[in-house]
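Chains as they are written, first to last, in the working numbering: chain A, 1 to 384; chain B, 1 to 384.
Virtual Cβ for every residue (Gly too), placed ideally from N, Cα, C.
Number of protein chains: 2
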Amino acid sequence: MQKCLKCGKVDGVIRSGIVRGKQRYYCKSCDFSFVLDQNNPDLPKNKGLTTIVDIARHLGISVSTVSRALNDKFDINPNTKKLVNQAAIDLDYKPNLIAQSLHKGYSHIIGVVVPDIEHPYFAKMLAGIHNIINHTAYSIIVCHSNESAELEYLHIEKLLSYRVDGILISHSKTVFDFDHIQKVINKKVPIINIDRIVNQHEIPKVVNNDIEGSKEVVQHLFACKYKRIAIIAGPKSLSITQKRTQGYLDAFQEKGIEPQTDLMVYSDFTSAGLINAFNTLMSLPEPPDAIFCIFFKDAIDSIKLAKKRNIKIPEELGVAAFGDDAISGNVEPTLTAYNPNPVKLGEVSVSILLDKIKNKENPKEMSTIIEGELMIRDSTRKFL
Amino acid sequence: MQKCLKCGKVDGVIRSGIVRGKQRYYCKSCDFSFVLDQNNPDLPKNKGLTTIVDIARHLGISVSTVSRALNDKFDINPNTKKLVNQAAIDLDYKPNLIAQSLHKGYSHIIGVVVPDIEHPYFAKMLAGIHNIINHTAYSIIVCHSNESAELEYLHIEKLLSYRVDGILISHSKTVFDFDHIQKVINKKVPIINIDRIVNQHEIPKVVNNDIEGSKEVVQHLFACKYKRIAIIAGPKSLSITQKRTQGYLDAFQEKGIEPQTDLMVYSDFTSAGLINAFNTLMSLPEPPDAIFCIFFKDAIDSIKLAKKRNIKIPEELGVAAFGDDAISGNVEPTLTAYNPNPVKLGEVSVSILLDKIKNKENPKEMSTIIEGELMIRDSTRKFL
DNA sequence: ATGAAAGCGCTAACAT
DNA sequence: ATGTTAGCGCTTTCAT
Chain A
1 MQKCLKCGKV DGVIRSGIVR GKQRYYCKSC DFSFVLDQNN PDLPKNKGLT
51 TIVDIARHLG ISVSTVSRAL NDKFDINPNT KKLVNQAAID LDYKPNLIAQ
101 SLHKGYSHII GVVVPDIEHP YFAKMLAGIH NIINHTAYSI IVCHSNESAE
151 LEYLHIEKLL SYRVDGILIS HSKTVFDFDH IQKVINKKVP IINIDRIVNQ
201 HEIPKVVNND IEGSKEVVQH LFACKYKRIA IIAGPKSLSI TQKRTQGYLD
251 AFQEKGIEPQ TDLMVYSDFT SAGLINAFNT LMSLPEPPDA IFCIFFKDAI
301 DSIKLAKKRN IKIPEELGVA AFGDDAISGN VEPTLTAYNP NPVKLGEVSV
351 SILLDKIKNK ENPKEMSTII EGELMIRDST RKFL
Chain B
1 MQKCLKCGKV DGVIRSGIVR GKQRYYCKSC DFSFVLDQNN PDLPKNKGLT
51 TIVDIARHLG ISVSTVSRAL NDKFDINPNT KKLVNQAAID LDYKPNLIAQ
101 SLHKGYSHII GVVVPDIEHP YFAKMLAGIH NIINHTAYSI IVCHSNESAE
151 LEYLHIEKLL SYRVDGILIS HSKTVFDFDH IQKVINKKVP IINIDRIVNQ
201 HEIPKVVNND IEGSKEVVQH LFACKYKRIA IIAGPKSLSI TQKRTQGYLD
251 AFQEKGIEPQ TDLMVYSDFT SAGLINAFNT LMSLPEPPDA IFCIFFKDAI
301 DSIKLAKKRN IKIPEELGVA AFGDDAISGN VEPTLTAYNP NPVKLGEVSV
351 SILLDKIKNK ENPKEMSTII EGELMIRDST RKFL
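The following block contains the structure:
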């Protein structure tokens, strides 16, 4: 009397016991067991989203069989598997990753904390992270600390609560207390420190080559036959100031020239600060014939100031920067700059993290340095 | 004999039954019941992360009591609550949001799909989204479709699997089939279409004011007394080409001037295409005295080309764009441009989404237009 | 005021 | 090859 749900035939279908109070049937011809779903046949129950229970009911089989079919286990009848897969499509089933996570103990989510998503540098870093993640089963929760320590702390809490499988963090400028990182480490949640790093924890770090890159810029200026090369740095407390100044000094040392302290000025990354710094340098008894700005915007502004004073670039003054930007290629003259590689930084960081998640061990080198590229443009003489 | 776990006193502590095979005690002086945790007192079991079970064991009380305390329920002894909270701090407990989500049926996660995170426009949009989200209990999973239809489809699948509470999507250029959106709608998952919209679904949309903004630019050019205003648009199939051209035409209509088709050229947003378009315009018997580029980069390049031909800007040629960028303020002359407000676009979109999640109903207006601002700079004459 | 137990959706060990 | 059941961590209903 009962038509088979699968092959549609009527003969060959026999009763085969009672399941959860319902009559179970077995079709001899197509080797398939099922029960009849009496009420609300196809409508998913809960809040609309199909579950494996819905599929199981729909086909009159058990949830574990559905699970097995969906997960390509070996001990499953190929026919059943086909049916389940078809039902999954029909009911537009999407596996509930929340439930899977709870069961498996990992979420397949990676947390990323950045201080400024709007900044092209970090935007590119994120793009790099996505490049890698897009080829995996992972997703990423992006947190924007907006340079606020409080937000950074809160975000770490949240990520731990979401039981993320790993964390990538670039610190806010305003963070000086790093207990939150220690807590992550204590919980053995893999964490990688990128770009804005701090050295007090034994965790992998991925950074720009500020020192070598800066050295390269200054070496280029030397190669262009500039003699009095100045540096406009940032606040002395910042690590980028220290590193990029280090590169400047290294270039001098290799060249065997003694750096002059009056050619080294410290600004604060504001326009006002730059104007001050520029004027200071130009008022020197012997002003510089080249300026290396550790902040690209300072270099752009320096070019503008030099033009106002009718100083010819690159003949009378060479200008170069650490840090590239679309603007650099569009000013007049175009700006020579060291172009770091934030995309690669993101890619490498997340690769290291994924590796750490899988292998539970740190990379051989705790510190990875990402190379950039010197973009030689018109703001520096080409006497090469 | 037994010291109270809470107040430390010994007298006043009596046995009060057996719980799960363990002796239970009650301290009369501080009104607190507990059992002794015989094995591994404080060490969390699972994969290192503390759970409420750990807290319960630690204090010798039941999980439901811990849950009540942690969730500020009314039917809980204030003393117990204090103890639980202290234990939570001591054990560095973080609530497992995965488990909470599974139980509650919502994840407190919002999915965002963007075609290009690296682009400053979308980076700003994301910043806007974060601005709002940072003040809520929500987190966001960011998906980068990288202008790929396949990735966009996959991301939607993933987001549905994560049971996100809502989705913000800006479509990839390469998507022409929108079944994935229909599926989201069918599942009653709130979704908002932002910036790159498509009109075939009844879902809220948030967009730039391409039409009005473009009209404003052209009106400004008229006000500057330019007579022959050209437009360099993009591929005709794109909605931004259509809308911004519409604004251009609207300005002409209001002015009561007939637009000339030879002043309307269509490019493809490449440098080569722009050079072509620019040359075409300038080779006209009567070349334009102003150009409105619907793509900012085309305007930057137009300025460069004009300078090469020794055409004086803004005297002989006015140049203006739809879309602003840091470059615009740094070229010579600086570029007049309509600056849309992607930050606000992000903020408004996510606000509408949060509202839809809470109230389960659409906003009054299905379409929201975000105003930008005309940035008048040196590339247009100021005869105002 | 507190404990026991069910259930969210899924997987896996165990049973048949 | 398939069904039953326990359990992931949490909240909540129902007892007590």
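- Counting only Cβ-Cβ distances below 7 Å, residue 142 of chain B has contacts in chain A at 140, 142, in chain order.
- In the structure shown, residue 63 of chain A adopts helical secondary structure according to DSSP, grouped into three states.
- If you check each beta-carbon in the stretch 147-171 of chain B against every beta-carbon of chain A, the ones closer than 7 Å belong to 151, 157, 158, 160, 161, 162, 163.
- In this structure, residue 215 of chain A and residue 289 of chain A do not form a Cβ contact; the two beta carbons are roughly 19 Å apart against a cut-off of 8 Å.
- The Cβ-Cβ distance between residue 339 of chain B and residue 331 of chain A does not fall below 7 Å.
- Annotation for residue 374 of chain A: no alpha helix (DSSP H) segment contains it, though the beta strand (DSSP E) segment containing it runs 373-375.
- Residue A:161 holds the alpha-carbon nearest to the alpha-carbon of residue 139 of chain B among A:161, A:186, A:134, A:125.
- Chain-order list of chain A residues neighbouring residue 92 of chain B: 183, 186, 187, by C-beta distance under 8 Å.
- In the three-state reduction of the DSSP assignment, residue 137 of chain A falls in the coil class.
- Chain A has no Cβ within less than 7 Å of the Cβ of residue 56 of chain B.
- Close CB contacts of residue 127 of chain A within its chain, under the 7 Å cut and outside five residues either way in sequence, are with 343, 346 (chain order).
- Residue state for residue 368 of chain B is assigned as strand, using DSSP reduced to three classes.
- DSSP places residue 166 of chain A in the strand class (E or B) of the three-state scheme.
- Close partners of residue 124 of chain A in chain B (Cβ separation under 7 Å): 118.
- Contact annotation for residue 300 of chain B against chain A: 330 [CB-CB distance below 7 Å, chain order].
- With a threshold of 7 Å between beta carbons, residue 98 of chain B makes contact with chain A.
- Using a Cβ distance threshold of 7 Å, residue 179 of chain A and residue 107 of chain A do not count as a contacting pair.
- For the beta strand (DSSP E) assignment, the uninterrupted runs of no fewer than 3 residues enclosed by the stretch 291-369 of chain A are, from N- to C-terminal side, 318-322, 336-339.
- Bridge pairing for residue 193 of chain A: A:169, A:205 [DSSP].
- Here residue 123 of chain B is near residue 117 of chain A, since their CB atoms are less than 7 Å apart.
- In the displayed model, residue 119 of chain A falls within coil according to three-state DSSP, outside both helix and strand.
- Less than 7 Å separates the beta-carbon of residue 267 of chain B from that of residue 232 of chain B.
- Secondary structure at residue 111 of chain B: strand, using DSSP grouped into helix, strand and coil.
- Residue 308 of chain A and residue 224 of chain B have their C-alpha atoms spaced approximately 27 Å apart.
- Contact with chain B is absent for residue 103 of chain A, since none of that chain's Cβ atoms lies less than 7 Å from the residue's Cβ.
- Put simply, the CB of residue 135 of chain A is far from chain B, with every gap to its CB atoms at 7 Å or more.
- Residue 266 of chain A is bridged by DSSP to A:233.
- Counting only the Cα atoms, residue 319 of chain B lies some 43 Å from residue 285 of chain A.
- In this structure residue 201 of chain A is in contact with residue 181 of chain A, their Cβ atoms being roughly 6 Å apart against a cut-off of 8 Å.
- Neighbourhood of residue 220 of chain B in chain A, by CB distance below 9 Å: empty, with the nearest CB roughly 23 Å away.
- A contact between stretches requires three or more CB pairs, one per stretch, nearer than 8 Å, and the stretch 235-254 of chain A fails this requirement with the stretch 371-383 of chain A.
- Secondary structure note for residue 228 of chain A: it is in no alpha helix (DSSP H), with a DSSP letter that is neither H nor E.
- At a beta-carbon threshold of 7 Å, the residues of chain A lying near residue 327 of chain B are 326, 327, 330, ordered along the chain.
- At least one C-beta of chain A is nearer than 7 Å to the C-beta of residue 127 of chain B.
- A distance of 7 Å or more separates the beta carbons of residue 58 of chain A and residue 99 of chain A.
- The C-beta separation of residue 206 of chain A from residue 192 of chain A comes to about 6 Å, placing the pair in contact by the 8 Å criterion.
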